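Here the structure is laid out as structure tokens; the discussion comes afterwards.
Number of protein chains: 4
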Amino acid sequence: MKKLIKGLREFKSSYFPANEELFEQLSHGQKPRVLFITCSDSRIDPNLITQAGLGELFVIRNAGNIIPPYGATNGGEGATIEYAIQALDIQQIIICGHSHCGAMKGLMKLDSLRVEMPLVHDWLKYAEATRRLVKDNYSNYEGEDLLEIIIAENVLTQIENLRTYPVIRSKLHQGQISIYAWIYQIETGEVLTYDAQKHAYVLLLNQPSPSQIDERLSSPPFTSNGERPFTKNQQQAFQSFHKPPISTDTGFPMTVLSPEQMERIYRGSTTK
Amino acid sequence: MKKLIKGLREFKSSYFPANEELFEQLSHGQKPRVLFITCSDSRIDPNLITQAGLGELFVIRNAGNIIPPYGATNGGEGATIEYAIQALDIQQIIICGHSHCGAMKGLMKLDSLRVEMPLVHDWLKYAEATRRLVKDNYSNYEGEDLLEIIIAENVLTQIENLRTYPVIRSKLHQGQISIYAWIYQIETGEVLTYDAQKHAYVLLLNQPSPSQIDERLSSPPFTSNGERPFTKNQQQAFQSFHKPPISTDTGFPMTVLSPEQMERIYRGSTTK
Amino acid sequence: MKKLIKGLREFKSSYFPANEELFEQLSHGQKPRVLFITCSDSRIDPNLITQAGLGELFVIRNAGNIIPPYGATNGGEGATIEYAIQALDIQQIIICGHSHCGAMKGLMKLDSLRVEMPLVHDWLKYAEATRRLVKDNYSNYEGEDLLEIIIAENVLTQIENLRTYPVIRSKLHQGQISIYAWIYQIETGEVLTYDAQKHAYVLLLNQPSPSQIDERLSSPPFTSNGERPFTKNQQQAFQSFHKPPISTDTGFPMTVLSPEQMERIYRGSTTK
Amino acid sequence: MKKLIKGLREFKSSYFPANEELFEQLSHGQKPRVLFITCSDSRIDPNLITQAGLGELFVIRNAGNIIPPYGATNGGEGATIEYAIQALDIQQIIICGHSHCGAMKGLMKLDSLRVEMPLVHDWLKYAEATRRLVKDNYSNYEGEDLLEIIIAENVLTQIENLRTYPVIRSKLHQGQISIYAWIYQIETGEVLTYDAQKHAYVLLLNQPSPSQIDERLSSPPFTSNGERPFTKNQQQAFQSFHKPPISTDTGFPMTVLSPEQMERIYRGSTTK
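Just so you know, the sequences run in chain order H, L, V and C.
Sequential numbering of the first sequence, starting at 4, is according to our numbering.
Sequential numbering of the second sequence, starting at 4, is according to our numbering.
Sequential numbering of the third sequence, starting at 4, is according to our numbering.
Sequential numbering of the fourth sequence, starting at 4, is according to our numbering.
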């Protein structure tokens, strides 16, 4: 606690005077451009990893970056989403999972939580679609590999849940919202993003031509939209979002992935 | 009631003897191929309109053919879906709305229901995304036209809700479930189906070459699938499902549709 | 799916033209006389077995023909019942169970469902009164016999649940609603109905003089009412409804029925 | 979005290499010392204002920094608190409100939210104690002054709610948790903290002798405890927590504060 108070003093004596104008301006209202939904995990600092300034990120944080389906509960998630979209007119949403997520570890040993942490147990019900999908489709993985799959699939599950909110559905219809799936890697400080064209998470920065990639990855891949002209690629990108991250060039049946495929799916195909 | 008893007698004395073998066989178990979700409305008879025999359709019926998002409530819908997919291994789901739907009319005058029919009012919460989307995007429609839009959009809303169920999400991932959006027209006895390629509901039967069309419309347009080889068209069909039913050849901004566009969207482009 | 589309075509080309007037009339509104609540099981077709026409049956279908007690959940059942009684002024309700019911089989192995089909498990909570009653009173039955008892008792349980709805309770008070308990036998195509006077399910059609029997069986046996003068028989009928279906001429305690009694209760006393 | 990706690149190329050891260490687990509960508002960056490093703050963020009472709902708040205390053994909790809070403004016009933002409306139910207390006790305030009172009282309301969680209650009983009420002033970058001895929010840093003040303000003022010997001051601190923040030198009844009292309560008595 003393450390925090010392920090407050530092902040007040150095950061604040250097940015006084910004603070004055922020006191008149916020106009964030991004709703950033991530885990409560102390190892994530959304503003730090994106170098976003004060006033740029509207943030929801809970254990496991979980969004209950619309109507499932009256927790803060739904209200905060509604406020972000309706009152603040935010048009970009990032759901950001992360490696080594304790909540997702909980999904792997759900029964043991029933007594020990009953609220966590009940909360993970909203990640049940993740648990089920992984159990049915990745049964030959375990340990760290399994955890990585769970983390990756869970971000996509939560996007499905997010889409059931009235305010989201209406804006998607109008093509006014983009939704991004991110995974933050604690050990490398890197971010993976779901590339709907590749049905895979890819490293956001590790691409041949940065400017070109940035164009693609910073365009709204999950916008449900018919208003502005799509390039063919963009359209495919959005459209294939709902497909499972399955390689199509490896024959079938493909219910079980090889470690190499898995590697490619989860880490993105450009890592060597 | 007397009429029903008379009907039972007829059924027993004519239909039953003529199909005794079928009944004997059904007594050993059911193996339906389709989960048919529709409204309780008395003017719909799923078996009649599809000429499906006993044992072919597993049926959920409630006011408004509504499926609450996963976890939103403990009504019969979720359990029955789970049973259909998990225990019966059904792989095709039809959500079938219909013209003149009383529940959807209720969406247009929600406030008046609060006192008069509180359970209906609360139930329509799970069609709130429909109400919101239509309010935001079709504000210049009213009366019958508005009702038709609501009915059409609601079927798509309920498919979004359906996708949040763990058992559905896992099977979609494996490409083992197809979901179809239908609208039954009481006055014409016709069925519209959502054609994801056209972003429009089209008449299921009113197509140039029946055999060819049947091929397309009876293939799983909403299968989320990477396993079996898709034709390019099929793939596009699925992929564009989530796009709003907006014409792309009419310029922009397209937030408000002309009556002609609307006509085309809702009734399908082949009606003249 | 192709088969269904073929069926739609048949329906449109043969049934529809032959009944065009009916369809025209139905497009102006529905006026069903019966709310028919039954299981989602594909082997049941309410309109077929009762030979009811379009517009006659308002239908609720879910796994196990279960009606949660009022206030227990916000699923479609309550809203649909409310709509049927309040908006459509329906005065006759049939709850129709059936032989070989998969949901009722689930009641016999509830624990195993917790993991395998959690939503079904939770849904069967609303049939817990059935499970408990049968466990306490029919402990010496097993297998098929036990299943038949469960199915029969569950219809009565669900009628109890149905009676908790405000709209039902008020109309029952006014003597304006009749509730019938039916069991459809898949293998024989026959329907049993609960005869409150006999405390037994009896074959609806297998009676000496059809016209006379029809009179009794088509009169409202379960009209609950305390205000208008009951005939003695009617009163007994109502009062004995809440009792277990026990024979009154065999002394007590009667927690366990003899096979003969059971036979009579479940199959009806007139079967030879 | 491009700006965020540019930020990610900066973070990866400058911050990460300079702190590689920290990231390596964090990949083995988190050991945060503080649970920091604050609003989703984009103008707050918990790590920035406290200068806390990665791994130090476990963060819950939602609209209005609201914690529903235990059992009231199954949102993320309860599960995340449980995880923080039970799994991570965190012993210090800060609930941090802030000036110009949009959610708290919502409390002032609750009725208008019912239609416009129904989820926000329902969510604010968990701040109803704030609304009621302020309505009953500060009726002669309005506008900005009223908003400041609401913000200040709401943090205390949410601490009451927080205390209803089993895991919190048990740890409080053992004297193993400290709870702090903070208010962050967007325009000045300063933090007020509730001083239970003074029944007032005081500026955390604006004290004669920093070291001395830090001692007091960084000690657990709200540790609830009956087991280990309290110092007289500590005991008073806890006991007076539950009282309204009233001045003790002005007699009673004190339902309405004078502007001077209000000034002192809200801003802290040391501001000149």
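All residues carry an ideal CB built from backbone N, CA and C; glycine is no exception.
Here the structure is a predicted model, which means the values were calculated and not measured.
Contact with chain C by residue i, beta-carbon distance below 8 angstroms
{"i": "H/E24", "result": "no"}
{"i": "H/M276", "result": "This structure cannot settle anything about residue 276 of chain H, because the visible part of chain H is limited to 4 through 275."}
{"i": "H/V37", "result": "yes"}
{"i": "H/L207", "result": "yes"}
Interface flag, residue i vs chain H, CB-CB below 8 angstroms
{"i": "C/L55", "result": "Before going further, note that residue 55 of chain C is Ala rather than Leu in the sequence given. Yes - at least one Cβ of chain H is within 8 angstroms of the one on C/A55."}
{"i": "C/L149", "result": "no"}
{"i": "C/S43", "result": "yes"}
{"i": "C/D252", "result": "For C/D252, the pLDDT reaches just 30, beneath the cut-off of 50, and the residue's location in the model is therefore unreliable, leaving the point undetermined."}
{"i": "L/A155", "result": "no"}
{"i": "L/A132", "result": "yes"}
{"i": "C/K174", "result": "no"}
{"i": "L/L110", "result": "no"}
{"i": "L/Q28", "result": "no"}
{"i": "L/Q177", "result": "yes"}
{"i": "L/T191", "result": "no"}
{"i": "C/G78", "result": "yes"}
Interface partners of residue i on chain V, CB under 8 angstroms
{"i": "L/N50", "result": "D48, N50, L51"}
{"i": "L/V158", "result": "Result: empty, since nearest Cβ-Cβ is about 15 angstroms, beyond 8 angstroms."}
Chain-ordered chain H contacts of residue i [CB-CB under 7 angstroms]
{"i": "L/G74", "result": "P71, P72, A75, K128, Y129"}
{"i": "C/G58", "result": "S45, R46"}
Counted within 10 angstroms of its Cβ, other Cβ atoms place residue i as buried (16 or more) or exposed
{"i": "L/H31", "result": "exposed"}
{"i": "V/A55", "result": "buried"}
{"i": "V/L7", "result": "buried"}
{"i": "C/N143", "result": "exposed"}
{"i": "V/K174", "result": "buried"}
{"i": "V/P20", "result": "exposed"}
{"i": "H/K128", "result": "buried"}
{"i": "C/G146", "result": "exposed"}
{"i": "H/H176", "result": "buried"}
{"i": "L/R117", "result": "exposed"}
{"i": "H/D198", "result": "buried"}
{"i": "V/E80", "result": "buried"}
{"i": "L/Q161", "result": "buried"}
is_contact[residue i, chain L] using C-beta, thresh 8 angstroms
{"i": "V/S142", "result": "no"}
{"i": "H/L116", "result": "no"}
{"i": "H/H124", "result": "no"}
{"i": "H/R12", "result": "no"}
Where residue i meets chain H, residues with beta-carbon distance less than 8 angstroms
{"i": "C/A199", "result": "Near C/A199 there are no residues of chain H at all, since even the closest Cβ is about 15 angstroms away, more than 8 angstroms."}
{"i": "C/Y204", "result": "Result: empty, since nearest Cβ-Cβ is about 15 angstroms, beyond 8 angstroms."}
8 angstroms contact criterion, which residue i and residue j should meet: CB distance rounded
{"i": "H/I70", "j": "H/I40", "result": "7 angstroms"}
{"i": "L/L14", "j": "V/G109", "result": "The residue you asked about is not Leu; residue 14 of chain L is Phe in the sequence shown. Wrong, their Cβ atoms sit about 28 angstroms apart, outside the cutoff."}
{"i": "L/P49", "j": "L/L60", "result": "5 angstroms"}
{"i": "H/D125", "j": "C/N77", "result": "5 angstroms"}
Neighbour list for residue i in chain V, Cβ cutoff strictly below 9 angstroms
{"i": "L/E163", "result": "Within chain V, no residue comes near L/E163; the closest Cβ sits about 17 angstroms away, beyond 9 angstroms."}
{"i": "L/M120", "result": "A82, E85, Y86, Q89, A90, V170"}
Any non-hydrogen atom of the ligand FMN within 7 angstroms of residue i CB
{"i": "C/L29", "result": "With respect to the ligand FMN, the structure shown offers nothing to examine, as it has no ligands at all."}
C-beta neighbour in chain V for residue i, strict 8 angstroms
{"i": "L/V137", "result": "no"}
{"i": "L/T234", "result": "Since pLDDT at L/T234 reaches only 28, below the 50 mark, its modelled position is unreliable, and the value read off the structure follows with that caveat. Judged by the 8 angstroms Cβ criterion, L/T234 is not in contact with chain V."}
{"i": "L/G100", "result": "no"}
{"i": "L/I8", "result": "yes"}
Under 7 angstroms by beta carbon: chain L residues contacting residue i
{"i": "V/R64", "result": "V62, I63, R64"}
{"i": "V/L113", "result": "Near V/L113 there are no residues of chain L at all, since even the closest Cβ is about 13 angstroms away, more than 7 angstroms."}
{"i": "H/T167", "result": "P72, A132, E163, N164, T167"}
Per-residue contacts from residue i into chain V (C-beta, under 7 angstroms)
{"i": "L/H103", "result": "S30"}
Checklist line | the region 18-27 of chain V in contact with the region 61-77 of chain V per 3-pair CB rule at 8 angstroms | finding: no
Next item on the list: For the region 124-140 of chain C and the region 81-94 of chain C, state whether three or more C-beta atom pairs, one from each stretch, are separated by less than 8 angstroms.
Entry: no
Next item on the list: Could you tell me whether the region 94-101 of chain V touches the region 143-161 of chain V, using the rule of 3 or more Cβ pairs below 8 angstroms?
Entry: yes
Check: At a cut of 8 angstroms, does the region 113-125 of chain H reach the region 50-65 of chain H through at least three beta carbon pairs?
Finding: no
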